[in-house]
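Participant:
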Ligand SMILES: Cc1cc2nc3c(=O)[nH]c(=O)nc-3n(C[C@H](O)[C@H](O)[C@H](O)COP(=O)(O)OP(=O)(O)OC[C@H]3O[C@@H](n4cnc5c(N)ncnc54)[C@H](O)[C@@H]3O)c2cc1C
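In my numbering, the protein residues as written are 6 to 599.
1. So if DSSP puts residue 339 in a beta bridge, which residue, or which two residues, is it bridged to?
2. Assess contact between the stretch 93-107 and the stretch 185-199, defined as three or more Cβ pairs (one per stretch) separated by less than 8 Å. Is contact present?
3. Of all the options 377, 474, 533, which has the alpha carbon lying nearest to the alpha carbon of residue 676?
4. For residue 158, which of 151, 149, 152, 168 has the nearest alpha-carbon?
5. Can at least three beta-carbon pairs, one atom from the stretch 198-208 and one from the stretch 65-84, be found at a separation below 8 Å?
6. Is the stretch 214-221 touching the stretch 119-128, taking contact as three or more C-beta pairs under 8 Å?
7. Compute the Euclidean distance between the alpha carbons of residue 285 and residue 44, then round it to the nearest angstrom.
8. Could you tell me the distance, in whole angstroms, from the CA atom of residue 5 to the CA atom of residue 207?
9. Using DSSP with H/G/I as helix, E/B as strand and the rest coil, what is residue 387?
10. Count the other C-beta atoms from every protein chain shown that fall within 10 angstroms of the C-beta of residue 190, then say buried if there are 16 or more, exposed otherwise.
11. If you run the structure through DSSP and keep just helix, strand and coil, what is residue 408?
12. Between residue 253 and residue 371, what straight-line distance do the alpha-carbon atoms span, to the nearest angstrom?
13. Note down, in chain order, each residue of its chain lying with its Cβ closer than 8 Å to the Cβ of residue 281, except the 5 sequence neighbours on either side.
14. Could you spell out the range, first to last residue, of the beta strand (DSSP E) harbouring residue 369?
15. How many angstroms separate the CA atom of residue 182 from the CA atom of residue 70?
16. Starting from residue 16, trace the beta strand (DSSP E) in both directions and tell me its first and last residue.
17. Provide the residue(s) that pair with residue 468 in DSSP beta bridges, ordered along the chain.
18. Among 66, 294, 180, whose alpha-carbon lies nearest the alpha-carbon of residue 245?
19. Flag this pair as touching only if the stretch 418-438 and the stretch 339-355 have three or more C-beta atom pairs under 8 Å; answer yes or no.
20. Tell me whether residue 440 counts as near ligand 1, meaning its Cβ is closer than 7 Å to at least one heavy atom of that ligand.
21. Judging by CA-CA distance, which residue of 19, 47, 523, 56 is the nearest neighbour of residue 39?
22. I want to check one thing, is the minimum distance from the CB of residue 548 to the heavy atoms of ligand 1 below 7 Å?
23. Express the C-alpha separation of residue 231 and residue 187 in angstroms, rounding to a whole number.
24. Can you tell me which of the three DSSP states residue 31 falls into?
25. Find the nearest neighbour of residue 337 within the set 441, 319, 411, judged by alpha-carbon distance.
26. Mind checking whether the beta-carbon of residue 527 lies closer than 7 Å to any heavy atom of ligand 1?
27. Which two residues bound the contiguous beta strand (DSSP E) that contains residue 561?
28. Taking only the alpha-carbon atoms, compute the straight-line gap between residue 143 and residue 578 and give it to the nearest angstrom.
29. Going by alpha carbons, who is nearest to residue 239 out of 31, 310, 383?
30. Going by DSSP, which residues form a beta bridge with residue 332?
31. Measure how close the beta-carbons of residue 583 and residue 28 come, nearest whole angstrom, since I'm counting them as under 8 Å.
32. I'd like the span of the alpha helix (DSSP H) that includes residue 304, first residue to last.
33. Between the stretch 503-520 and the stretch 449-459, can you find at least three pairs of beta-carbon atoms closer than 8 Å?
34. What are the uninterrupted segments assigned as beta strand (DSSP E) that are 3 or more residues long and contained completely in the stretch 44-90, given in chain order?
35. Does DSSP put residue 190 in a helix, in a strand, or in coil?
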């Protein structure tokens, strides 16, 4: 199925999918279910498993190369994107990890699988004028991808009981594995009682349309061997015998080609050492290059803000100033303590322990290497005592978010985070550490992405504008204070062995807390919405509700850039569900086999 790198001549397929990431692999493999069509999948990277085996396949291996430091980058599997200096983060420029591999960011992510809330999807449906995105109608697409495996209670510690809702999954769902790690973080086992003490109660699960409350998160982990379940490990493996799906790995999409009627006819691609060639699409081109590169590829192909395109000598096909705008993202702030139970810090600093645990993982799929890190989550609206000092306009702005949309997510992280410059190298050389992170999941700051040249070999310019909206600043300060309240609970004081070691009690007032947040906080890598979906007459839209690019024919965008808004929480479940839905839309439009 993998195209040998020497087949560099023009070729014709029914569909050409750009980007072999989370959405792209899902769509390509679904379209290839109909043997009467042919599908080309174009991916700039290759197999992430080839770098640093076996760690790169383990859930624990997610922390490699994701730091904010410009040197914590593995260019074999990461694009090396660095943001512009961020006003809201003390002028810092941060490495923004993004998968460049078969699997895309699903091959690099932290594996948390959780779905949005019902009211968040209602807003999505209303904004795009399409009831298919309402919870009840969209739920079948979440279920379609997922093969769910309940927690292994024989292997998990007795104090890590998971609640879940079996009816959130379908027995026919496949091939994306969603399960729970065989090892639960000891730090997390203290969280349920501690959260209860500050008024956050347990909830049954995070996959049934509500989030407020606390629970262990389900994860994209393949229980057969406890390996990371990326789109490549699941969808692409399941499609391996489909000869009508041809994967062009290590192949860069250069631009989308159009005929005189503005119909997308194919994609110009380049493989190192070969002359550029064209993959013609007799039916459609599907763009799934992710939140930064889908808008980049639209722009270099002539769809975007006229002045920007003109500046790089690109002929304008559609003048749409919204391409690359409207970026939503989540940022988090953290408070760290030395703790009296094992954590990731020990795995990194104690070679004998690490060797024994690697052996246990390889022999029995047990131990801390089966765990991605943040396995216990909680969600809330900031309680009234901490929002009393919010200004009237902040209250007004936050009223956009409905009652089931949390403002803050808390993550129990079993290690030292610091400024997250390089998490595996940043662990202090002695001791175990536990962190409580608070992420703003109702953000109002909006970023953007634009091009630096007419060539996709040059990285796009990414400006997330994090924490530039006053409401986001108020929320992250309040969330950080709640994290400190949590650390002071009787339950957590049973495991915390000293004072806050990062950022430290010298950051006490709101101003000081925000100063530390600006200096140390970072993204949780959820950037979305840069090719915004909307009603056909929405002046801010780039695509319609079935992903078709407004103003041209034969071209859709389907990935995290397509979201009209970023629902609360971790977005991969939405990327997979959207990819399933757009695949069905395409099949319907071309009368393909389902
Ligand atoms: C470190 C990290 C941790 C995360 N943790 C979580 C988590 O725990 N839970 C969660 O839900 N979400 C998480 N996310 C976010 C989630 O993984 C992403 O939102 C999602 O995977 C994005 O999917 P996508 O299809 O939009 O893009 P991607 O999966 O990034 O796919 C885009 C693909 O396009 C390819 N591409 C780009 N340009 C070109 C070109 N010119 N030619 C050819 N190919 C190209 C890329 O190489 C890539 O493979 C995390 C992300 C990161 C980076």
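For every residue, glycine included, the Cβ atom is placed at its ideal position computed from N, Cα and C.
Facilitator: With the given structure in hand:
1. For residue 339, which the question treats as bridged, DSSP gives the partners 442.
2. The stretch 93-107, when compared against the stretch 185-199, does not touch it at the 8 Å Cβ threshold.
3. Past the edges of the chain, shown from 6 to 599, lies residue 676, and the structure says nothing about it.
4. Minimum Cα distance to residue 158 is reached at 168.
5. no
6. yes
7. The straight-line gap from Cα to Cα measures roughly 10 Å.
8. Coverage of the chain is limited to positions 6 through 599, which leaves residue 5 absent and any answer about it impossible.
9. Under the three-state reduction of DSSP, residue 387 is assigned to coil, being neither helix nor strand.
10. buried
11. coil
12. 35 Å
13. 259, 273, 274, 275
14. Taken as a continuous stretch (DSSP letters only), residue 369 belongs to no beta strand (DSSP E), being part of the alpha helix (DSSP H) at 356-369.
15. One C-alpha to the other measures close to 24 Å.
16. Unbroken beta strand (DSSP E) run through residue 16: 16-23.
17. In the DSSP output, where bridge partners are listed per residue, residue 468 has 453.
18. 180
19. yes
20. Incorrect: residue 440 has no Cβ contact closer than 7 Å to ligand 1.
21. Out of 19, 47, 523, 56, 19 has the C-alpha closest to the C-alpha of residue 39.
22. no
23. 8 Å
24. helix
25. 441
26. The answer is no for residue 527.
27. 560-562
28. Between residue 143 and residue 578, the alpha-carbon positions lie close to 11 Å from each other.
29. 31
30. According to DSSP, residue pairing for residue 332 in a beta bridge involves 452.
31. Between residue 28 and residue 583 the Cβ distance is about 7 Å, and since that is below 8 Å, they are a contact.
32. 295-305
33. no
34. 44-47
35. coil
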